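Participant: Numbering (our numbering) for the sequence shown: 582 to 843.
Backbone N, C-alpha and C define an ideal beta-carbon position, used for all residues, glycine too.
Computed from a prediction, not measured in an experiment: that's the story for all the values here.
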Amino acid sequence: MLRLIGRKVFASVGYSDTKSGDVSVAKEKTEQIRKESAELRKQKVYLFTKSRCDGDATMKSILGGKGAGLAAMTNLGLRVPPGATLSVNTCKEYLERGKEIFKGGLEELIFEAVDVIGEEVSKIFWRKSTDFVGEELPLLLSVRSGAAASMPGMMDTVLNLGLNDRVVDALTATSFTEESGKRFLYDAYRRLLDLFGDVVFGIPHEEFERKLRKLKELRNAQNDVDLNADDLQSLCESYKDVYDAHDKTFPQDPEEQLMLTI
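1. Quick one: what does DSSP say N670 is sitting in, helix, strand or coil?
2. Sort R660, L659, G658 and D635 by Cα distance to G648 and report the nearest one.
3. Compare the C-alpha of E716 against each of G743, R772 and G699 and name the closest.
4. I'd like to know whether the C-beta atoms of L687 and V781 end up nearer to each other than 8 Å.
5. Along the chain, which unbroken stretches of the alpha helix (DSSP H) at least 4 residues long are found entirely within the region 755 to 801?
6. Name the DSSP bridge partner or partners of G664?
7. In the DSSP output, which residue or residues are listed as bridge partners for C634?
8. Going by DSSP, which residues form a beta bridge with V739?
9. Could you give the DSSP three-state label for P719: helix, strand or coil?
10. Does DSSP put L744 in a helix, in a strand, or in coil?
11. Whose C-alpha, out of A728, P663 and Y770, is nearest the C-alpha of D811?
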């Protein structure tokens, strides 16, 4: 967006038949662009959804490489799952001030974005009401870190945020009653427990892997896919024991999960 406006200013200034009036208009437009750019840099949360996309491909320094790429694909009309990006400046501010930055309304902005994402998911994918803190059709989120320049695979990721004991129990009793469905849920939950413990609490990933290897040896399973739903359910409990060993507790509140991950 800013790049296109800039080209219009260049064309109005010209270098072949410039008039004084044109230069004056160009200065006004340039000043307007500077103000708009400053406002963009103040914005903290940028949505990318089918109905609203706040960024574009030129905003790498504001959204990071992944954020700008997601905005670009959304603007092209590609099937990008709806989401939101916290600006690079917001991340820098967090490094300087810590959790104080959430007191200025940032937390409210984040959950407003989550509400919009839930509405978009309901319309595009399920056509039913999704709820980040609900049980019947919960909205699950992934949180990925990024930067203006980063190496692929080098940044932290937490998947399946929103799952907890209550949600898994409710879904296995209603929508996911078959073995395959239950296995899918417990597998997703144990991955969340693993990633959250590692990324958020700094619990070594190897400690979760050790529990997985021990279970596979016990069940004489060669691969993860050889474990059934009951096996993965017990693995989730074993992963919680890892938290206990580090005096940590996995948060059951989805909103707390999200804020701790951010």
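Facilitator: So, from the data block:
1. Against the sequence shown, residue 670 aligns to sequence position 89. If DSSP states are grouped into helix, strand and coil, N670 belongs with the helices.
2. In the sequence shown, the residue the question calls residue 648 occupies position 67. The shortest C-alpha separation from G648 is found at D635.
3. Position 135 of the sequence shown, counting from 1, holds the residue named residue 716. Nearest Cα to E716 within the set G743, R772 and G699: G743.
4. Within the sequence shown, residue 687 is the residue found at index 106, counting from 1. Within the sequence shown, residue 781 is the residue found at index 200, counting from 1. No; because the gap between Cβ atoms is not below 8 Å, this pair is not in contact.
5. Here the runs fully enclosed are 760 to 780 and 786 to 799.
6. Translated into the one-based positions of the sequence shown, residue 664 becomes position 83. DSSP lists F629 as partners of G664.
7. In the sequence shown, the residue the question calls residue 634 occupies position 53. Its beta-bridge partners are F629.
8. Residue numbering aside, residue 739 sits at position 158 when the sequence shown is read from its first letter. Looking at the DSSP assignment, V739 forms a beta bridge with V724.
9. Position 138 of the sequence shown holds residue 719. Strand.
10. Position 163 of the sequence shown holds residue 744. Correct three-state label for L744: strand.
11. Against the sequence shown, residue 811 aligns to sequence position 230. Per the Cα distances, Y770.
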